[in-house]
Amino acid sequence: MKEASPLAHSVFEVILWLFILASVSIMAYQLYRNTTLGNSLQESLDELIQTQQITPQLALQVLLQFDKAINMALANRVRNRVNFRGSLNTYRFCDNVWTFVLNDVEFREVTDLVKVDKVKIVACDGKSESTQNKNDK
Amino acid sequence: MASSANSNPVPKLYKSVIEDVINEVRELFLDEGVDEQVLLELKTLWENKLLQSKAVEGFHTEEQAALQAAQQQQQQQQQQQQQQQQQQQQQQVQQLVQQVHQVQQVTQPAQVQQVILPPQQQQQQQQAPQQQVIVQDSKMLQHMSATGMSAAATAATLALPTGVTPYQQLITSQGQILQVVRAPNGAQYIIQPQQQIVLQQQMQPGSVQAPVIQQVCPVRQVLAPMQGGLSQQGVIIQPQQIVLAPGNKVQGNPQLMQAAALAQQPGQAATAQVQQVQQVQQVQGPAAPQVPAQAQQPPMILQADGAGDTSSEEDEDEEEEYDEDEEEEKDKDGGEDGQVEEEPLNSGDDVSDEEDQELFDTENVVVCQYDKIHRSKNKWKFHLKDGIMNLNGRDYVFSKAIGDAEW
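Chains as they are written, first to last, in this note's numbering: chain A, 1 to 137; chain B, 138 to 544.
The structure is reproduced here in structure tokens:
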């Protein structure tokens, strides 16, 4: 067989990626990429890619680093509590991800109150952070 | 008490995250052979985008304040421009009305704003440009021009309930004399009752003096403010009396009498006959009394859509059927952009989330992790942690969130 089968190529790539991932000590949820902070980072990286100042692989690395940083920051640097109440419109549990849509919700913090007509809550499992891609809206 | 600074951990959190990320990837950048400059550029881009999103308070105080001020000014300017445009449109309408008055030597009360309606059927050329202009102003007017209702019909239907006396003055008005008042929305008609509505129709100004038909159509119903269009029901007010008091110049026209007789019949019967009269009118020429026909046309003109407004020759039944549909669609259109074209059929039945109407046009999202989700019957309890929220365009964070909801 002179030509490697496509499967072999993909296997090689899989091994390569596993190697890369193994170099990362902690895999964190990619959950927070679709936030203001995460989206602005992605957009900035896209601009640099378009001007060919960085490679897509590098951008991916940056995002992975962002995942780690934001997860750690939220866990360690934030210490406030919020309460909310509303009416549940829809709920979904799939791949260990809860997605809720609530209506007429009030978010209460000690300092202030925020009311919204509709809110979508995406929640990953907080008990175990595994290598999952939770990159939904 | 810098309450906002102390209680809002978001800017500090974001800044710390940015710093962490940049520092961590610096090594990666160097490994890739990417210049440090690019890294700084990344940081700058990132921070600027955060600033522009206005989701974070006090991120960079001075820059953000300036940016917010500039954006607010832009928004205010846009709002002012919109208001000015509306005002200008109203002024234009008024100017047109005044011009019409001057040309037509109207002796009616000055408050009357003439709506010159039907382009195709009317002989009056002056009305056409005015109609177009008026049409441009409001959605209703657009419909009016499209439908080609005659002014006299509108006036007849809008006849006032107060005082029914034949008004013998010759009013060389080209069309009907209606009082069309703009609602605050700028696209509605409020037809207020007047003492008299004298409808005159002339063949053409300065040409043959068409028979002048003075009709006073007392109408009990006052047209309510139209939202998105006059419904035929509202406009097809039963003209209880149509007094034909032909002026000096009236030429005996048996068909006119027929029209008048027909017009006297109340309600929808009149409208049907008005249409017939209209046809007769068209056959005979401009002299035909268009008042009864016009009585139908105003509603047609004001219709937002519907097939019934394009032709005045349709049967009465068809128009009746269109009433309900048009009302629904008009209500719907009034609430929307008020396009002349039909909205998707039955789009009012759609159950869709009105996200576009939110002030900030953002979907409020909470991204977090769950500790425990509990449900009892239809009572749900949420125990969440480590979340980032974007509510009403602003960012919030929490380490714990507890919520209740009923499904």
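All residues carry an ideal CB built from backbone N, CA and C; glycine is no exception.
* **Residue burial classification, P148/B (beta-carbon count within 10 angstroms, cutoff 16)** => buried
* Going along the chain, which residues of its own chain have a beta-carbon closer than 6 Å to the beta-carbon of T90/A, five neighbours each way excluded? -> V101
* Asked: In chain order, what residues of the same chain have a beta carbon less than 6 Å from the beta carbon of N501/B, not counting five sequence neighbours either side?
  -> L528
* **Straight-line gap, R85/A to L521/B (C-alpha atoms, nearest Å)** => 13 Å
* Short CB-CB distance (under 8 Å) between K514/B and chain A -> no
* Closest by CA to V122/A, which one among R81/A, Q30/A, V14/A and A73/A? -> Q30/A
* **The beta strand (DSSP E) enclosing D523/B, as first and last residue numbers** => K516 to L528
* Asked: DSSP three-state call for I510/B: helix, strand or coil?
  -> strand
* Contact list for E13/A against chain B, beta-carbon separation under 7 Å -> Residues of chain B passing the Cβ test: none, with the nearest at roughly 19 Å.
* **Environment of S10/A [buried if 16+ CB atoms lie within 10 Å]** => exposed
* To do: With a threshold of 16 other CB atoms inside 10 Å of the CB of G540/B, please say whether the residue is buried or exposed.
  => buried
* Can you say whether P348/B is buried or exposed, counting buried as having 16 or more other CB atoms within 10 angstroms of its CB? => Below a pLDDT of 50, predicted positions are generally treated as unreliable, and P348/B, at 44, falls in that range; no measurement from the model is reported.
* Asked: Can you tell me the Cα-Cα spacing of Q218/B and R531/B, whole angstroms?
  -> Rounded to whole angstroms, the separation of the alpha carbons of R531/B and Q218/B is 27 Å.
* To do: Drop a sphere of 10 angstroms on the beta-carbon of T111/A, count the other beta-carbons inside from all chains shown, and report buried for 16 or more, exposed for fewer.
  => exposed
* Asked: Roughly how many angstroms separate the alpha carbons of E109/A and V534/B, rounded to a whole number?
  -> Annotation: E109/A to V534/B spans about 11 Å, alpha carbon to alpha carbon.
* Going by other Cβ atoms of all chains shown within 10 Å of its Cβ, with 16 needed for buried, is G365/B buried or exposed? -> A caution first: G365/B carries a pLDDT of 42, below 50, which makes its placement in the model too unreliable to give a value.
* Residue environment, R512/B, which counts as buried when at least 16 other CB atoms sit within 10 Å -> exposed
* List, in order along the chain, the chain A residues whose C-beta lies closer than 7 Å to that of L521/B? -> A123
* Asked: If you drop the 5 nearest sequence neighbours on each side, which residues of the same chain put their C-beta closer than 7 Å to that of N83/A?
  -> R108
* To do: Using a Cβ cut-off of 7 Å, pull out every chain D residue sitting near K537/B, in sequence order please.
  => This model lacks chain D altogether; the protein chains it does include are A and B.
* Asked: So who's on the other strand from V147/B, going by DSSP bridges?
  -> Beta-bridge pairing links V147/B to no other residue.
* Asked: Listing by chain order, which chain B residues have their CB less than 7 Å from the CB of R77/A?
  -> Correct list: L150 and S153.
* **chain A residues whose Cβ lies nearer than 8 Å to that of L187/B** => T36, L37 and S40
* Helix, strand or coil at G170/B according to DSSP, with G and I counted as helix -> coil
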